[in-house]
Amino acid sequence: MSTQVPRLLSGLVDDAAVFPPGNAALPDAVIAHRTHRTAWYADMVGPLLLPASEIQRGSLNGLVDPAEGLVIGLIGDTGLDQLPQALDALAPDGVTARQVEAPVAKRGEDPQPGLSELMTLAGRLDGAAVYAEIPLTFGLMGALDTLAEARAAGLLVAAKFRTGGLAAELFPTPVELAAVICACRDRKLPFKLTAGLHHAIRHRDPETGFNHHGFVNVLGATLAAVGGAEVDGVAELLAATDPVRVVEPARAHRDAERPLWVGYGSCSISEPLTDLIRLGLVNGGFEA
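Numbering-wise (this note's numbering), the sequence shown opens with residue 900 and increments by one.
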(Lines of atoms letter the chains of each structure in order from A and count residues from 1; the text may use other names and numbers.)
(Lines give C-alpha, C1' and ligand atoms only; values in the text may rest on other atoms or scores of the structure.)
Protein backbone atom coordinates (compact mmCIF):
# COMPACT_ATOMS: atom_id res chain seq x y z
CA MET A 1 0.00 0.00 0.00
CA SER A 2 1.31 3.43 -0.94
CA THR A 3 2.01 5.81 1.93
CA GLN A 4 0.20 8.44 -0.14
CA VAL A 5 -3.18 6.68 -0.06
CA PRO A 6 -4.11 5.40 3.41
CA ARG A 7 -5.40 1.90 3.82
CA LEU A 8 -8.85 3.21 4.77
CA LEU A 9 -9.27 4.63 1.25
CA SER A 10 -8.00 1.61 -0.70
CA GLY A 11 -10.25 0.89 -3.68
CA LEU A 12 -12.80 3.46 -2.54
CA VAL A 13 -13.67 4.90 -5.97
CA ASP A 14 -14.61 2.72 -8.94
CA ASP A 15 -14.02 4.30 -12.34
CA ALA A 16 -17.47 5.01 -13.82
CA ALA A 17 -16.25 7.39 -16.51
CA VAL A 18 -18.62 6.11 -19.22
CA PHE A 19 -21.73 6.69 -17.07
CA PRO A 20 -23.65 9.96 -16.55
CA PRO A 21 -22.94 12.71 -15.95
CA GLY A 22 -19.42 12.13 -17.33
CA ASN A 23 -20.48 10.07 -20.36
CA ALA A 24 -16.90 9.53 -21.57
CA ALA A 25 -16.44 7.69 -24.85
CA LEU A 26 -15.32 4.12 -24.21
CA PRO A 27 -11.91 4.46 -25.95
CA ASP A 28 -11.16 7.58 -23.89
CA ALA A 29 -12.29 5.86 -20.68
CA VAL A 30 -10.04 2.86 -21.28
CA ILE A 31 -7.01 5.08 -21.94
CA ALA A 32 -7.72 7.21 -18.86
CA HIS A 33 -8.20 4.12 -16.70
CA ARG A 34 -4.75 2.85 -17.69
CA THR A 35 -3.37 6.17 -16.48
CA HIS A 36 -5.23 5.87 -13.18
CA ARG A 37 -3.93 2.34 -12.64
CA THR A 38 -0.30 3.49 -12.91
CA ALA A 39 -0.63 6.83 -11.09
CA TRP A 40 0.57 7.57 -7.57
CA TYR A 41 -3.07 7.40 -6.36
CA ALA A 42 -3.75 3.99 -8.00
CA ASP A 43 -4.47 2.35 -4.64
CA MET A 44 -7.61 4.49 -4.34
CA VAL A 45 -9.04 3.40 -7.71
CA GLY A 46 -11.23 0.35 -8.20
CA PRO A 47 -12.08 -1.34 -11.49
CA LEU A 48 -13.39 0.33 -14.64
CA LEU A 49 -17.18 0.00 -14.64
CA LEU A 50 -18.67 -0.94 -18.00
CA PRO A 51 -22.27 -1.60 -19.06
CA ALA A 52 -23.14 -5.10 -20.20
CA SER A 53 -24.73 -3.66 -23.35
CA GLU A 54 -21.36 -2.30 -24.52
CA ILE A 55 -19.65 -5.62 -23.85
CA GLN A 56 -22.30 -7.52 -25.80
CA ARG A 57 -21.86 -5.16 -28.75
CA GLY A 58 -18.15 -5.98 -28.78
CA SER A 59 -17.18 -2.38 -28.02
CA LEU A 60 -13.98 -3.44 -26.27
CA ASN A 61 -12.66 -5.25 -29.36
CA GLY A 62 -9.45 -3.58 -30.49
CA LEU A 63 -9.29 -1.32 -27.43
CA VAL A 64 -7.70 -3.85 -25.10
CA ASP A 65 -4.60 -6.01 -25.42
CA PRO A 66 -5.55 -9.41 -23.96
CA ALA A 67 -2.12 -9.51 -22.35
CA GLU A 68 -2.82 -6.44 -20.20
CA GLY A 69 -5.38 -8.25 -18.06
CA LEU A 70 -7.95 -5.47 -17.76
CA VAL A 71 -10.19 -5.85 -14.71
CA ILE A 72 -13.70 -4.39 -14.85
CA GLY A 73 -16.94 -4.20 -12.96
CA LEU A 74 -19.85 -5.32 -15.14
CA ILE A 75 -22.98 -3.20 -14.78
CA GLY A 76 -26.15 -5.04 -15.75
CA ASP A 77 -28.10 -2.65 -17.93
CA THR A 78 -29.44 -5.36 -20.26
CA GLY A 79 -31.58 -7.35 -17.85
CA LEU A 80 -30.48 -10.15 -15.55
CA ASP A 81 -31.08 -12.86 -18.14
CA GLN A 82 -28.41 -11.45 -20.47
CA LEU A 83 -25.61 -11.07 -17.93
CA PRO A 84 -24.12 -14.54 -18.66
CA GLN A 85 -23.71 -13.64 -22.35
CA ALA A 86 -21.95 -10.41 -21.44
CA LEU A 87 -19.59 -12.26 -19.10
CA ASP A 88 -18.78 -14.80 -21.81
CA ALA A 89 -17.98 -11.96 -24.25
CA LEU A 90 -15.17 -10.70 -22.00
CA ALA A 91 -12.91 -13.71 -22.48
CA PRO A 92 -11.63 -13.02 -26.04
CA ASP A 93 -10.25 -9.66 -24.90
CA GLY A 94 -8.60 -11.13 -21.80
CA VAL A 95 -10.87 -9.06 -19.57
CA THR A 96 -11.91 -10.22 -16.10
CA ALA A 97 -15.03 -9.10 -14.22
CA ARG A 98 -14.11 -8.55 -10.58
CA GLN A 99 -17.70 -7.67 -9.75
CA VAL A 100 -21.15 -7.78 -11.29
CA GLU A 101 -23.71 -5.15 -10.32
CA ALA A 102 -27.34 -5.17 -11.37
CA PRO A 103 -30.70 -3.76 -10.29
CA VAL A 104 -33.13 -6.40 -9.08
CA ALA A 105 -36.30 -4.28 -9.10
CA LYS A 106 -37.71 -0.86 -9.92
CA ARG A 107 -38.97 1.44 -7.18
CA GLY A 108 -42.12 -0.05 -5.71
CA GLU A 109 -41.57 -3.56 -7.11
CA ASP A 110 -40.93 -6.67 -5.05
CA PRO A 111 -37.14 -7.23 -5.17
CA GLN A 112 -37.30 -10.92 -4.27
CA PRO A 113 -37.79 -12.42 -7.78
CA GLY A 114 -34.88 -10.41 -9.17
CA LEU A 115 -32.75 -11.32 -6.17
CA SER A 116 -33.42 -15.00 -6.76
CA GLU A 117 -32.36 -14.71 -10.40
CA LEU A 118 -29.23 -12.74 -9.57
CA MET A 119 -28.17 -15.18 -6.85
CA THR A 120 -28.52 -18.05 -9.30
CA LEU A 121 -25.98 -16.24 -11.46
CA ALA A 122 -23.75 -15.62 -8.42
CA GLY A 123 -23.64 -19.33 -7.77
CA ARG A 124 -22.14 -19.92 -11.24
CA LEU A 125 -19.41 -17.28 -11.00
CA ASP A 126 -15.88 -18.05 -9.92
CA GLY A 127 -14.64 -15.41 -7.51
CA ALA A 128 -16.57 -12.37 -8.81
CA ALA A 129 -18.60 -10.45 -6.24
CA VAL A 130 -22.25 -9.78 -7.09
CA TYR A 131 -24.00 -6.62 -5.93
CA ALA A 132 -27.77 -6.47 -5.96
CA GLU A 133 -29.02 -2.92 -6.46
CA ILE A 134 -32.08 -2.61 -4.25
CA PRO A 135 -34.46 0.38 -4.29
CA LEU A 136 -34.89 2.12 -0.95
CA THR A 137 -38.62 1.40 -1.02
CA PHE A 138 -40.94 -1.60 -0.77
CA GLY A 139 -39.36 -4.86 0.40
CA LEU A 140 -35.96 -3.41 1.30
CA MET A 141 -35.40 -5.11 4.66
CA GLY A 142 -36.63 -8.46 3.42
CA ALA A 143 -34.22 -8.19 0.49
CA LEU A 144 -31.35 -7.47 2.88
CA ASP A 145 -32.32 -10.54 4.90
CA THR A 146 -32.23 -12.66 1.75
CA LEU A 147 -28.81 -11.33 0.77
CA ALA A 148 -27.42 -11.83 4.26
CA GLU A 149 -28.62 -15.42 4.36
CA ALA A 150 -27.10 -16.15 0.96
CA ARG A 151 -23.81 -14.55 1.97
CA ALA A 152 -23.72 -16.57 5.19
CA ALA A 153 -24.21 -19.68 3.05
CA GLY A 154 -21.09 -18.83 1.03
CA LEU A 155 -22.30 -16.79 -1.95
CA LEU A 156 -20.26 -13.66 -2.74
CA VAL A 157 -23.28 -11.36 -2.74
CA ALA A 158 -23.79 -7.93 -1.23
CA ALA A 159 -26.07 -4.90 -1.52
CA LYS A 160 -25.95 -1.76 -3.62
CA PHE A 161 -27.97 1.42 -3.17
CA ARG A 162 -28.48 4.63 -5.13
CA THR A 163 -27.81 7.87 -3.28
CA GLY A 164 -28.86 10.32 -5.98
CA GLY A 165 -30.30 10.83 -9.42
CA LEU A 166 -32.27 13.25 -11.59
CA ALA A 167 -35.09 13.78 -9.09
CA ALA A 168 -35.13 14.88 -5.45
CA GLU A 169 -36.83 11.69 -4.27
CA LEU A 170 -33.84 9.65 -5.48
CA PHE A 171 -31.67 11.25 -2.78
CA PRO A 172 -32.28 9.44 0.52
CA THR A 173 -32.40 11.64 3.61
CA PRO A 174 -29.64 11.24 6.21
CA VAL A 175 -32.02 9.24 8.39
CA GLU A 176 -33.02 6.94 5.51
CA LEU A 177 -29.41 6.27 4.53
CA ALA A 178 -28.40 5.84 8.18
CA ALA A 179 -31.13 3.22 8.62
CA VAL A 180 -29.80 1.30 5.61
CA ILE A 181 -26.20 1.45 6.84
CA CYS A 182 -27.25 0.21 10.27
CA ALA A 183 -29.39 -2.53 8.72
CA CYS A 184 -26.37 -3.75 6.74
CA ARG A 185 -24.25 -3.53 9.88
CA ASP A 186 -26.73 -5.65 11.81
CA ARG A 187 -26.66 -8.28 9.03
CA LYS A 188 -22.87 -8.14 8.49
CA LEU A 189 -23.69 -7.31 4.88
CA PRO A 190 -21.24 -5.23 2.80
CA PHE A 191 -22.72 -2.59 0.52
CA LYS A 192 -21.83 -0.31 -2.38
CA LEU A 193 -23.28 3.07 -3.29
CA THR A 194 -23.78 4.86 -6.57
CA ALA A 195 -24.98 8.25 -7.86
CA GLY A 196 -24.86 11.63 -6.21
CA LEU A 197 -21.57 11.24 -4.32
CA HIS A 198 -19.71 13.92 -6.24
CA HIS A 199 -17.84 15.50 -3.33
CA ALA A 200 -16.42 14.59 0.05
CA ILE A 201 -18.68 16.74 2.23
CA ARG A 202 -22.47 17.03 2.19
CA HIS A 203 -23.55 20.01 0.10
CA ARG A 204 -26.39 21.57 -1.84
CA ASP A 205 -26.03 21.61 -5.62
CA PRO A 206 -26.54 25.24 -6.71
CA GLU A 207 -28.04 24.23 -10.07
CA THR A 208 -30.60 21.65 -8.93
CA GLY A 209 -31.07 22.58 -5.29
CA PHE A 210 -30.62 18.91 -4.34
CA ASN A 211 -28.72 18.05 -1.16
CA HIS A 212 -25.95 15.60 -2.01
CA HIS A 213 -24.40 13.18 0.44
CA GLY A 214 -20.66 13.50 0.93
CA PHE A 215 -18.56 10.38 0.48
CA VAL A 216 -16.41 11.21 3.51
CA ASN A 217 -19.63 11.71 5.48
CA VAL A 218 -20.61 8.18 4.43
CA LEU A 219 -17.20 6.90 5.45
CA GLY A 220 -17.43 8.48 8.90
CA ALA A 221 -21.03 7.37 9.33
CA THR A 222 -20.15 3.79 8.45
CA LEU A 223 -17.24 3.79 10.88
CA ALA A 224 -19.60 5.07 13.56
CA ALA A 225 -22.20 2.40 12.75
CA VAL A 226 -19.62 -0.38 12.92
CA GLY A 227 -18.49 1.10 16.24
CA GLY A 228 -22.00 0.69 17.65
CA ALA A 229 -23.75 3.97 16.87
CA GLU A 230 -27.45 3.76 16.16
CA VAL A 231 -29.47 5.43 13.43
CA ASP A 232 -29.68 8.89 15.01
CA GLY A 233 -25.92 9.12 15.57
CA VAL A 234 -25.14 7.80 12.10
CA ALA A 235 -27.62 10.23 10.54
CA GLU A 236 -26.01 13.12 12.40
CA LEU A 237 -22.69 12.39 10.72
CA LEU A 238 -24.33 12.03 7.32
CA ALA A 239 -26.01 15.42 7.74
CA ALA A 240 -22.89 17.26 8.95
CA THR A 241 -21.44 19.98 6.72
CA ASP A 242 -18.50 20.97 8.94
CA PRO A 243 -15.43 19.43 7.26
CA VAL A 244 -13.47 19.24 10.53
CA ARG A 245 -16.12 17.09 12.17
CA VAL A 246 -16.62 14.91 9.11
CA VAL A 247 -12.92 14.26 8.53
CA GLU A 248 -12.06 13.40 12.14
CA PRO A 249 -13.36 9.79 12.13
CA ALA A 250 -11.59 9.05 8.84
CA ARG A 251 -8.32 10.51 10.06
CA ALA A 252 -8.51 8.46 13.25
CA HIS A 253 -8.95 5.22 11.26
CA ARG A 254 -6.75 6.01 8.25
CA ASP A 255 -4.49 2.98 8.76
CA ALA A 256 -7.33 0.49 9.22
CA GLU A 257 -9.17 -1.52 6.59
CA ARG A 258 -12.43 0.14 5.53
CA PRO A 259 -15.31 -1.78 7.14
CA LEU A 260 -18.65 -2.68 5.54
CA TRP A 261 -18.72 -0.02 2.81
CA VAL A 262 -17.06 -1.46 -0.29
CA GLY A 263 -16.98 1.89 -2.11
CA TYR A 264 -18.81 3.74 -4.85
CA GLY A 265 -18.69 4.50 -8.56
CA SER A 266 -17.74 7.98 -9.76
CA CYS A 267 -17.66 9.31 -13.30
CA SER A 268 -14.67 11.40 -12.19
CA ILE A 269 -11.58 10.18 -10.37
CA SER A 270 -10.02 13.63 -10.16
CA GLU A 271 -12.91 15.22 -8.25
CA PRO A 272 -12.87 12.89 -5.23
CA LEU A 273 -9.08 12.79 -5.30
CA THR A 274 -8.90 16.60 -5.22
CA ASP A 275 -11.31 16.73 -2.28
CA LEU A 276 -9.31 14.13 -0.35
CA ILE A 277 -6.09 16.08 -0.92
CA ARG A 278 -7.72 19.34 0.24
CA LEU A 279 -8.99 17.62 3.38
CA GLY A 280 -5.55 16.21 4.15
CA LEU A 281 -6.65 12.57 3.88
CA VAL A 282 -4.40 11.84 0.87
CA ASN A 283 -0.85 13.12 0.48
CA GLY A 284 -1.31 14.71 -2.91
CA GLY A 285 1.56 13.10 -4.79
CA PHE A 286 4.23 13.63 -2.16
CA GLU A 287 5.60 10.75 -0.15
CA ALA A 288 4.96 10.91 3.59
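We put the CB at the ideal spot given by N, CA and C, even for glycine.
Considering only residues of the same chain and omitting the five flanking positions on each side of residue i, which have a CB-CB separation below 6 Å?
i: glutamate 1032; result: Pro1002, Lys1059
i: leucine 947; result: Asp914, His932, Ile971
i: leucine 908; result: Met943
i: histidine 1102; result: His1111
Using a Cβ-Cβ cut-off of 8 Å (strictly less than) and excluding sequence neighbours within five positions of residue i, which residues of its own chain qualify?
i: arginine 1086; result: Leu1043, Asp1044, Leu1046, Ala1047
i: leucine 979; result: Ala1001, Val1003, Gly1013, Glu1016, Leu1017, Leu1020
i: alanine 1057; result: Ala1028, Val1029, Tyr1030, Ala1031, Leu1046, Arg1050, Leu1088, Pro1089, Phe1090, Lys1091, Val1161
i: proline 926; result: Leu962
i: phenylalanine 867; result: Shown here, the chain extends from 900 to 1187; a query on residue 867 therefore has no answer.
Kindly list the residues whose CB is nearer than 7 Å to the CB of residue i, restricted to its own chain and excluding five residues on each side of it in sequence; keep chain order.
i: arginine 1084; result: Ala1124, Val1125, Leu1159
i: glutamine 984; result: Gln955
i: proline 1142; result: Ile1100, Leu1178
i: threonine 1121; result: Ile1080, Pro1158, Leu1159, Trp1160
i: alanine 1067; result: Phe1109
i: proline 1073; result: Ala1134, Leu1137, Ala1138
i: histidine 1097; result: His1111, Glu1170
i: leucine 986; result: Leu973, Ala996
i: glutamate 1129; result: Cys1081
i: glutamate 1188; result: What the structure shows of the chain is the stretch from 900 to 1187, and residue 1188 is not part of that stretch, so it cannot be assessed.
i: leucine 1076; result: Thr1062, His1112, Leu1137
Rounded to a whole number of angstroms, what is the C-alpha to C-alpha distance between residue i and residue j?
i: valine 1145; j: asparagine 960; result: 44 Å
i: glycine 1119; j: glycine 1063; result: 19 Å
i: proline 991; j: proline 965; result: 7 Å
i: glutamate 1147; j: asparagine 1116; result: 10 Å
i: leucine 989; j: glycine 957; result: 9 Å
i: asparagine 1023; j: leucine 1055; result: In the sequence under discussion, the amino acid at residue 1023 is arginine, which differs from the asparagine named in the question. Rounded to the nearest angstrom, the two C-alpha atoms are 11 Å apart.
i: threonine 1140; j: glycine 910; result: 24 Å
i: asparagine 1182; j: glycine 968; result: 29 Å
i: proline 1037; j: proline 905; result: For clarity, residue 1037 is phenylalanine in the given sequence; the question names proline instead. Phenylalanine 1037 and proline 905: Cα-Cα distance of roughly 38 Å.
i: aspartate 1131; j: methionine 1040; result: 18 Å
i: threonine 977; j: valine 912; result: 24 Å
i: isoleucine 1168; j: isoleucine 930; result: 13 Å
i: proline 1071; j: arginine 1061; result: 8 Å
i: glutamine 1011; j: glutamine 981; result: 18 Å
i: glycine 1095; j: asparagine 922; result: 15 Å
i: valine 994; j: aspartate 1009; result: 33 Å
i: leucine 1180; j: glutamine 903; result: 9 Å
i: aspartate 1025; j: alanine 1052; result: 15 Å
i: lysine 1005; j: threonine 1107; result: 24 Å
i: alanine 916; j: glycine 945; result: 12 Å
i: leucine 1069; j: proline 1105; result: 17 Å
i: phenylalanine 880; j: glycine 1007; result: Residue 880 falls outside the range modelled here, since the chain spans only 900 to 1187, and no answer is possible.
i: threonine 1093; j: alanine 1078; result: 17 Å
Looking at the unbroken alpha helix (DSSP H) that takes in residue i, where does it start and where does it end?
i: alanine 923; result: Per DSSP, alanine 923 belongs to no alpha helix (DSSP H) and is neither H nor E.
i: leucine 949; result: Premise fails: leucine 949 lies in the beta strand (DSSP E), 944-950, not in any alpha helix (DSSP H).
i: glycine 1126; result: First-last for glycine 1126: undefined, no H or E at that position.
i: leucine 1035; result: Element bounds for leucine 1035: n/a, residue is neither H nor E.
i: aspartate 1174; result: 1169-1177
i: aspartate 914; result: Segment 912-914 is the beta strand (DSSP E) holding aspartate 914; no alpha helix (DSSP H) there.
i: leucine 982; result: 982-987
Along the beta strand (DSSP E) that carries residue i, what are the first and last residues, could you check?
i: glutamate 1008; result: Glutamate 1008 -> no beta strand (DSSP E), and no H or E assigned at all.
i: aspartate 992; result: Looking at the DSSP string, aspartate 992 is not in any beta strand (DSSP E), and its letter there is neither H nor E.
i: aspartate 1141; result: Taken as a continuous stretch (DSSP letters only), aspartate 1141 belongs to no beta strand (DSSP E), as it is neither H nor E.
i: glycine 1164; result: 1160-1165
i: valine 970; result: 970-974
> If we count Cβ pairs, one from each stretch, closer than 8 Å, do we get three or more for the stretch 932-939 versus the stretch 1138-1156?
Replying inline: no
>> Check whether the stretch 1131-1141 and the stretch 1163-1181 touch, using three or more Cβ-Cβ pairs below 8 Å as the test.
In response: no
>> Which runs of the alpha helix (DSSP H) at least 4 residues long sit entirely within the stretch 1043-1096? Give them in chain order.
In response: Annotation: the stretch 1043-1096 contains the following complete segments of the alpha helix (DSSP H) (minimum length 4 residues), in chain order: 1073-1085.
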